[in-house]
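Student:
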Amino acid sequence: MGPGGAGGEDMVMKAQAYSMIAVLIAVPLFLFISFYITTSQTIRFGSMERVVADQERELMNGIEDDFERAVVISGKRAVLSAINEIINEGEYLINASAALQELMLNGTLYGNYSFILAYNTLNDWKEKILDVPSGFDVSIAYQNPRIENHDGINIKAITNLSAVVSDKMELSEIQISGNKAVLVSMIGLEDPIFPMNTLGLIERTINEYPYDFYADILVTGNALGNCSGNVSFDKGSPDGGDILVTENASGVSGFAGVVAESSDLPDLSCYIVGAAGAVAAINETIAGTEYESVYLDQKTGAVWSLPINEGIQNGYYYSSSGPDMLQRIEGNLSGGGNGMESFVILPELQAVGMEVKQEDSMIDYLYFSGQSINGYQVRGLPDWFRIDAANAERYGLAALLVS
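Each residue of the sequence shown is one higher than the one before, counting from 956 in my numbering.
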């Protein structure tokens, strides 16, 4: 074989070697590129799913929040519409729960349209949600709300809400289904038993009693006379309507009364002296409640804080065993549950020329029940006010009853 043949074989062997090297380089490179492409596609697809799912969850949270707001709005308007119907027609409703359910769903009461519910029924809410362009497929369903009392001051609407949110590419879908119990406050609404029992002459708006106690003894000591007024800690600025609280009352005059820690007597006919820690105790109570009045009671020898007085004068409502709002809408004054009550303000009735029951307990549902429940005057409270013994105990007033 000549030189040319040997050179040809060398060339072939070199070419085969280069091919093997190329293959050895190409295979890993191909595998790397394939893996990169596949991995990149998987990451992009996973990210897309997560983004879509997050958007669906955000939309679903909005639907749930909006549903609860819709229940509160339609529920409160339903109660308002029911009360308006009672006052206009002079008749209580037969079934408060069913009436409120009809109003919340359809905006009607006994089939008659209520303008108060215009565009604020649960069906209106559903249509508004579905009409909003979101880029997702949305379906919503709910059962008829069950209306029941919660704690007198609030009613509760219970319904099952089902919703589905899905994207149009069918990447993801979120579903919910479960009972929603939504509280609807009665604060700010009118109590129908007042106009219904006063020929429409007296209105009473439901506002909750703002203090955490009704009557409390702050300090005790040696007492003379009964008096009340706002507290003053400034001995140098006498005011005939204030009660001075001080360490030493010696020679003090010009106030309605004095509470002193020492036993020295003031030049006043109403005082409690020898009341240890009076300045700190009374100051602490006022700071904690912002109720600045006290009552000095000779019989108990005590300085009383009586924020219940403000509650009586302002017609506030208290949680009690009295009738709840559903019972009041039905004219049911039997109470006995987890309800509420307020006090009749006798001068208010007298001012509109109504005959009053001066010796009856002035708890609203008892006073309007047609029964005659004997009430007692309470020292430190308005002269016209009366309360029965059992409820006086509950309000912490038993020691102040005038028997």
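Even glycine gets a Cβ: it sits at the ideal position worked out from N, Cα and C.
Between the C-alpha atoms of Ile1284 and Val1139, what's the straight-line distance to the nearest angstrom?
Tutor: About 15 Å.
Student: Please go through the region 1103-1162 and give each complete alpha helix (DSSP H) segment of 4 or more residues, from N-terminal end onward.
Tutor: Listed in chain order, the complete alpha helix (DSSP H) runs (minimum 4 residues) inside the region 1103-1162 are 1148-1151.
Student: Using the DSSP secondary-structure output, state which residues sit across from Trp1259 in a beta bridge.
Tutor: In DSSP, Trp1259 forms a bridge with Ile1172 and Tyr1250.
Student: Mind checking who Asp1315 pairs with in its DSSP beta bridge?
Tutor: In DSSP, Asp1315 forms a bridge with Asn1329.
Student: With a CB to CB cut of under 8 Å and the five nearest residues on each side skipped, what residues in its chain are close to Lys969?
Tutor: At Lys969 the pLDDT is 40, less than 50, meaning the model places this residue with poor confidence and gives no usable figure here.
Student: Go ahead and pull the three-state DSSP assignment for Glu1202.
Tutor: Reduced to three states, the DSSP call for Glu1202 is coil.
Student: Applying the 10 Å Cβ sphere with the 16-neighbour rule, what's the burial state of Gln1098?
Tutor: Exposed: under 16 other Cβ atoms inside 10 Å.
Student: With Leu1060 as the anchor, note down where its beta strand (DSSP E) starts and where it stops.
Tutor: Premise fails: Leu1060 lies in the alpha helix (DSSP H), Ala1051 to Asn1061, not in any beta strand (DSSP E).
Student: Going by alpha carbons, who is nearest to Gly1232 out of Lys1254, Val1258 and Ala1353?
Tutor: The shortest C-alpha separation from Gly1232 is found at Val1258.
Student: Check whether chain D comes within 7 Å of Pro1193, counting only Cβ atoms and requiring the distance to be less than that.
Tutor: Checking the listed chains, one finds no chain D in this structure; it contains a single protein chain.
Student: Round the Cβ separation of Ala1178 and Leu1223 to the nearest angstrom and send it over; I've been treating them as touching at under 8 Å.
Tutor: Incorrect: roughly 12 Å between the Cβ atoms, too far for contact.
Student: From Leu1359 to Tyr1320, what does the alpha carbon distance come to, in whole angstroms?
Tutor: The structure shown has nothing for residue 1359, since the chain only spans 956 to 1358.
Student: Under a three-way DSSP split, which group does Asp1092 fall into?
Tutor: In the structure shown, Asp1092 sits in a strand (DSSP, three-state: E or B).
Student: Which same chain residues end up closer than 7 Å to Gly1291 when comparing Cβ atoms and leaving out the 5 residues on each side of it in sequence?
Tutor: Same-chain partners within the cutoff: Ser1276.
Student: Would you kindly report the start and end of the unbroken beta strand (DSSP E) that includes Glu1296?
Tutor: That run of the beta strand (DSSP E) goes Gly1294 to Glu1296.
Student: Determine the direct distance from the alpha carbon of Ile1110 to that of Met1141, and round the result to whole angstroms.
Tutor: The straight-line gap from Cα to Cα measures roughly 7 Å.
Student: Can you find a heavy atom of the ligand ADP that lies under 6 Å from the Cβ of Gly1351?
Tutor: Only the bare structure without any ligand can be found here, which leaves the ligand ADP out of the picture.
Student: Determine the direct distance from the alpha carbon of Gln1282 to that of Glu1019, and round the result to whole angstroms.
Tutor: When rounded, the distance between both Cα atoms is 30 Å.
Student: Can you tell me whether Phe1149 is buried or exposed? The criterion is at least 16 other CB atoms within 10 Å of its CB, across all chains shown.
Tutor: Buried, because 16 or more other Cβ atoms sit within 10 Å of the Cβ of Phe1149.
Student: Measure the Cβ-Cβ separation of Tyr1331 and Ile1263 and say whether it is below 7 Å.
Tutor: No; because the gap between Cβ atoms is not below 7 Å, this pair is not in contact.
Student: Classify Asp1197 as helix, strand or coil using the three-state DSSP reduction.
Tutor: Asp1197: strand per DSSP, three-state reduction.
Student: Would you mind stating whether Ser1316 and Asp1343 have Cβ atoms separated by less than 7 Å?
Tutor: For Ser1316 and Asp1343, yes; Cβs fall inside 7 Å.
Student: Using 7 Å as the threshold, is the C-beta distance between Ser1036 and Leu1060 below it?
Tutor: Not closer than 7 Å, so no.
Student: Using only CA atoms, which one of Leu1301, Leu1116, Glu1128 and Ile1241 lies nearest to Tyr1166?
Tutor: Here the closest residue by C-alpha is Ile1241.
Student: Need the endpoints of the beta strand (DSSP E) that Gly1212 sits in, please.
Tutor: Gly1212 -> beta strand (DSSP E) spans Gly1212 to Ala1215.
Student: So for Tyr1350, helix, strand or coil by DSSP?
Tutor: In the structure shown, Tyr1350 sits in coil (DSSP, three-state: anything other than H, G, I, E or B).
Student: For a test of the three-state rule: what should DSSP assign to Ala1178, helix, strand or coil?
Tutor: Strand.
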